[in-house]
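To keep things clear, I will list the structure first and then write my remarks on it.
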Amino acid sequence: MAANGLSGPVMVQESAQVVDLTSSDPPTERVYEPAGATVATTAKADDSSDDGLDDASLYEEILEEGPNMEFSTDSADTCPPEESRSLRNRLHEVGANQFVLENITTGKYSARKLCSAFGVKIPKFMTDFVDEAFYQLLGLAISRELNKRRRLEQYKTIDDAAQLLRERKNIMVITGAGISTSLGIPDFRSKNTGFYSKLLEMGFEDPEQVFDIHNFDEDPKVFYTLAGDILPDLKKWTPTHEFIRLLQDKDKLLTNYTQNIDNVESHAGIRRDKLIQCHGSWATATCRKCKYRIPGEDIFGDIRNHTPAECKNCLKEIALQGDRPGMKRKRSSNGNGSRKRRKSDESDSDDDGQYDIPQPGIMKPDITFFGEALPQDFFDRLRETDKEKVDLVIVIGTSMKVAPVSEIPNFVPGDVPQIYISRDPIHHINFDINLLGDSDTIVAELARRAGWDLKHSMIPENQKIDVFPIDEYEHRYGVKVQGRLDPKPEAPGHTA
Ligand SMILES: [Zn+2]
Numbered sequence: 001m002a003a004n005g006l007s008g009p010v011m012v013q014e015s016a017q018v019v020d021l022t023s024s025d026p027p028t029e030r031v032y033e034p035a036g037a038t039v040a041t042t043a044k045a046d047d048s049s050d051d052g053l054d055d056a057s058l059y060e061e062i063l064e065e066g067p068n069m070e071f072s073t074d075s076a077d078t079c080p081p082e083e084s085r086s087l088r089n090r091l092h093e094v095g096a097n098q099f100v101l102e103n104i105t106t107g108k109y110s111a112r113k114l115c116s117a118f119g120v121k122i123p124k125f126m127t128d129f130v131d132e133a134f135y136q137l138l139g140l141a142i143s144r145e146l147n148k149r150r151r152l153e154q155y156k157t158i159d160d161a162a163q164l165l166r167e168r169k170n171i172m173v174i175t176g177a178g179i180s181t182s183l184g185i186p187d188f189r190s191k192n193t194g195f196y197s198k199l200l201e202m203g204f205e206d207p208e209q210v211f212d213i214h215n216f217d218e219d220p221k222v223f224y225t226l227a228g229d230i231l232p233d234l235k236k237w238t239p240t241h242e243f244i245r246l247l248q249d250k251d252k253l254l255t256n257y258t259q260n261i262d263n264v265e266s267h268a269g270i271r272r273d274k275l276i277q278c279h280g281s282w283a284t285a286t287c288r289k290c291k292y293r294i295p296g297e298d299i300f301g302d303i304r305n306h307t308p309a310e311c312k313n314c315l316k317e318i319a320l321q322g323d324r325p326g327m328k329r330k331r332s333s334n335g336n337g338s339r340k341r342r343k344s345d346e347s348d349s350d351d352d353g354q355y356d357i358p359q360p361g362i363m364k365p366d367i368t369f370f371g372e373a374l375p376q377d378f379f380d381r382l383r384e385t386d387k388e389k390v391d392l393v394i395v396i397g398t399s400m401k402v403a404p405v406s407e408i409p410n411f412v413p414g415d416v417p418q419i420y421i422s423r424d425p426i427h428h429i430n431f432d433i434n435l436l437g438d439s440d441t442i443v444a445e446l447a448r449r450a451g452w453d454l455k456h457s458m459i460p461e462n463q464k465i466d467v468f469p470i471d472e473y474e475h476r477y478g479v480k481v482q483g484r485l486d487p488k489p490e491a492p493g494h495t496a
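Residues in the sequence shown are numbered consecutively from 1, following UniProt numbering.
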């Protein structure tokens, strides 16, 4: 990553992509990391050797508005919206060098104030810092702005979106937890759930610890005790799932990239060849030791009983070995302690040597845990076919904070229009059309305006919809059922 030599110490990395989807590096080196943690995997690899990189991850956390950050509410030193827009436009016009020269070197702006033009909130602990302390943060903010796709001005309104639906033939749909919450499937990262409070009782601070592969191998009982609450209901799906299914039926669905692990898409009839489950799913489960794979539903009973499921294949092998002459089993304890792994890194064969008696592996649902590689089909599909084919992107019910899914909008060609549907706007990605509100309501209205028949028991007959501008410059519109109160804003900490 070559930093440009600039006048002054504001360092701008012109191509500071956090995760480079175009890279030919083996994707297995990229692991799924908690939202809010730094996702700069290259920086993580050698973070012990360089003090400066600690700063880098700190600045990333500020930019990502990480959950542990408290921000100053003092607005005295911030750029008003109109001024911010013209500063951002100027940056794209003249590039980083000239921009820094014009605005910082000449003393026209303080770095702190300029940060605000790029949507950077100032953390409380930096409130009294000298202006030079903001240079590195500003450099990162400028890099981030330069890497954003430019908004296409010809697409703006809900009717533009409906027309795109009618015209386009290879639609990529990216989905997140927001499309399943109306089924009562909690977002496991959300802090208002029974899942979350149980977790606190068990001494965990963060839902992500339960989905950490090292913790699972250390003690699978924790996951098996808590996961019952987030087991998917197999029979229901939402109008939003139905909408994606409708795109498929109209032969317009290129791929549904879902970050959800609930596997509801499959039950809604979205075909395997149209679906990439970016973070895996409950559909199957695999033995941590011998990789034996079974249907996910086979372990649901064990999860409901809070009992880690032992691998039947391993048990069979162990029974066979026990029968073999010369192979003595020393003892037959099946206690939890003897199962503990000493190494976090799992390997198939050489594990047994560490223990007196062979132990069966534990079955893990094939949802991608933090610390595990993302499914290979995600990268293959995106790079090898979808990037070329896609002619419309629709992002629904996700705040796009978890890499590498969050990188997709900037990865597809810049002339492909992109629509964003969610409760709350996001600021780190430029979408052409932003439709804000309940996704089930919005897709029903979109389908109606496209002249399509979207039928679902959760869509009331003849519902009247209001569409109203929120910020026309940013192409943001609110969509809600007439007479219904504004939906509550999502809880802080809600991410995927
Ligand atoms: Zn096994």
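Ideal Cβ placement from N, Cα and C applies to all residues, glycine included. It should be emphasised that the depicted structure is a prediction, and the values quoted were computed from it without experimental measurement.
So, are the CB atoms of Y224 and D273 less than 8 Å apart? Counting from one through the sequence shown, the residue named residue 224 turns up at place 224. Counting from one through the sequence shown, the residue named residue 273 turns up at place 273. No, Cβ-Cβ distance for Y224 and D273 is not below 8 Å.
Is K250 a contact residue of ligand 1, with contact defined as CB to any heavy atom under 7 Å? Taking the first residue of the sequence shown as 1, we reach residue 250 at position 250. No, the Cβ of K250 stays beyond 7 Å of every heavy atom of ligand 1.
Please list, in chain order, all residues of the same chain as R88 whose beta carbon is under 8 Å from its beta carbon, the five residues on each side excluded. Stepping through the sequence shown from its first residue, residue 88 is reached at position 88. For R88, where only same-chain residues beyond five positions count, the Cβ hits under 8 Å are A117, F118, E145.
Between C278 and the rest of its own chain, which residues show a CB-CB distance below 6 Å, the 5 nearest in sequence each way excluded? The sequence position of residue 278 within the sequence shown is 278, counting from 1. Contacts found: Y257, Q259, F378, V405.
Can you find at least 3 beta carbon pairs, one from the stretch 161-180 and one from the stretch 392-411, that sit closer than 8 Å? yes
Helix, strand or coil at K124 [DSSP, three-state]: Taking the first residue of the sequence shown as 1, we reach residue 124 at position 124. Looking at K124 - three-state DSSP - the assignment turns out to be helix.
Leaving aside the five residues before and after K364 along the sequence, list all residues of the same chain whose C-beta is less than 7 Å from its C-beta, in chain order. Translated into positions along the sequence shown, residue 364 becomes position 364. Hits under 7 Å: F216, A285, T286, R288.
Let me check one thing: in DSSP terms, what residues is A285 bridge-paired to? Looking up residue 285 in the sequence shown gives position 285. I294, P365.
Taking the alpha carbon of P239 as the point to measure from, which residue in E205, D438, T368 has its own alpha carbon closest? Residue mapping note: residue 239 aligns to position 239 of the sequence shown, counting from 1. Of the candidates E205, D438, T368, the one whose C-alpha sits nearest the C-alpha of P239 is D438.
For the beta strand (DSSP E) holding I303, just list the boundary residues, first then last. Taking the sequence shown and counting its residues from 1, the one referred to as residue 303 is at position 303. From DSSP, I303 is part of no beta strand (DSSP E) but of the alpha helix (DSSP H) over 300-304.
Considering only heavy atoms of ligand 1, does any lie closer than 7 Å to the CB of G296? By one-based count along the sequence shown, residue 296 stands at place 296. Every heavy atom of ligand 1 is 7 Å or more from the Cβ of G296, so no.
Reducing DSSP to helix, strand and coil, say where G136 ends up. Mapped onto the sequence shown, residue 136 falls at position 136. Position check: residue 136 holds Gln in this sequence, whereas Gly was assumed. Residue state, collapsed to three classes: helix.
Please report the distance separating the alpha-carbon of M327 from that of I294. Walking along the sequence shown from the start, residue 327 turns up at place 327. Walking along the sequence shown from the start, residue 294 turns up at place 294. Reliability fails at M327, whose pLDDT of 48 lies under 50, so the model's placement of it is uncertain and the value that follows must be treated cautiously. Spanning the two alpha carbons is a distance of roughly 29 Å.
So if I measure from each beta-carbon to every heavy atom of ligand 1 and keep distances below 5 Å, which residues remain? C287, K289, C290, Y292, C311, N313, C314, G361
My understanding is that L436 touches I470, with C-beta atoms under 8 Å, so please give their C-beta distance in whole angstroms. The sequence position of residue 436 within the sequence shown is 436, counting from 1. The sequence position of residue 470 within the sequence shown is 470, counting from 1. Indeed they touch by this definition, with Cβ atoms about 6 Å apart.
Just the Cα atoms here: how many angstroms apart are K148 and K316? Working through the sequence shown from its first residue, we reach residue 148 at position 148. Working through the sequence shown from its first residue, we reach residue 316 at position 316. Near 54 Å, if we compare the C-alpha coordinates of K316 and K148.
On the DSSP bridge assignment, give the partners of F370 in chain order. The sequence position of residue 370 within the sequence shown is 370, counting from 1. According to DSSP, which records beta bridges pairwise, F370 is partnered with D212.
Cβ of I367 within 8 Å of Cβ of I261? Within the sequence shown, residue 367 is the residue found at index 367, counting from 1. Within the sequence shown, residue 261 is the residue found at index 261, counting from 1. It is a contact, given that the beta carbons lie within the stated cut-off.
If we count the other Cβ atoms within 10 Å of its Cβ and call it buried at 16 or more, is L226 buried or exposed? To locate residue 226, count along the sequence shown from 1; it is residue 226. Counting Cβ neighbours within 10 Å, L226 comes out buried, since at least 16 surround it.
Cβ neighbours of K156 in the same chain (closer than 8 Å, five flanking residues each side left out): Looking up residue 156 in the sequence shown gives position 156. Contacts found: D432, I433, E472, H475.
When G371, E372, I408, F125 are compared against R383, the one with the closest alpha-carbon: Counted from its first residue, the sequence shown places residue 383 at position 383. Closest by alpha carbon: I408.
Would F369 be called buried (16 or more neighbouring beta carbons within 10 Å of its own) or exposed? By 1-based counting over the sequence shown, the position of residue 369 is 369. By the neighbour-count rule (16 or more Cβ atoms within 10 Å), F369 is buried.
DSSP beta-bridge partners of I433: Along the sequence shown, one-based indexing puts residue 433 at 433. BP columns for I433 point to I419.
Is there a C-beta anywhere in chain D that falls below 8 Å from the one on V222? No chain D is present in this structure, which holds just one protein chain.
Coarse secondary structure for F378, derived from DSSP in three states: Looking up residue 378 in the sequence shown gives position 378. Reduced to three states, the DSSP call for F378 is helix.
R304 burial status per 10 Å Cβ neighbour count (16 or more: buried): Here residue 304 refers to the residue found at position 304 of the sequence shown. Exposed, by the Cβ-count rule.
Mapping DSSP to helix, strand and coil, what is I185? Here residue 185 refers to the residue found at position 185 when the sequence shown is read from its first residue. Looking at I185 - three-state DSSP - the assignment turns out to be coil, as it is neither helix nor strand.
Distance check for M458 and T181, CA to CA, integer angstroms please. Indexing the sequence shown from 1 puts residue 181 at position 181. Indexing the sequence shown from 1 puts residue 458 at position 458. Between T181 and M458, the C-alpha separation is close to 13 Å.
Use the C-beta contact count for D415: other C-beta atoms within 10 angstroms, 16 or more gives buried, fewer gives exposed. By 1-based counting over the sequence shown, the position of residue 415 is 415. Its Cβ having fewer than 16 others within 10 Å, D415 is exposed.
At what residues does the beta strand (DSSP E) containing K480 begin and finish? Here residue 480 refers to the residue found at position 480 when the sequence shown is read from its first residue. Note, K480: beta strand (DSSP E), 476-481.
Three or more C-beta pairs closer than 8 Å, one from the stretch 95-102 and one from the stretch 57-76: is that the case here? By the C-beta criterion, the stretch 95-102 is judged not to be in contact with the stretch 57-76, since fewer than 3 inter-stretch pairs fall below 8 Å.
Output needed for R85: all residues of its chain with C-beta closer than 6 Å, excluding positions within five of it in sequence on either side, in chain order. On the sequence shown, residue 85 is found 85 positions in, with the first residue counted as 1. For R85, where only same-chain residues beyond five positions count, there are no Cβ hits under 6 Å.
Compute the distance between the beta-carbons of residue 499 and A283, then report whether it is under 8 Å. Nothing can be reported for residue 499: it is not among the residues displayed for the chain, which extend from 1 to 496.
Given a threshold of 16 other Cβ atoms within 10 Å of its Cβ, counted over all protein chains shown, does G322 qualify as buried or as exposed? If you number the sequence shown from 1, residue 322 lands on position 322. Around the CB of G322, fewer than 16 other CB atoms lie within 10 Å, so the residue is classed as exposed.
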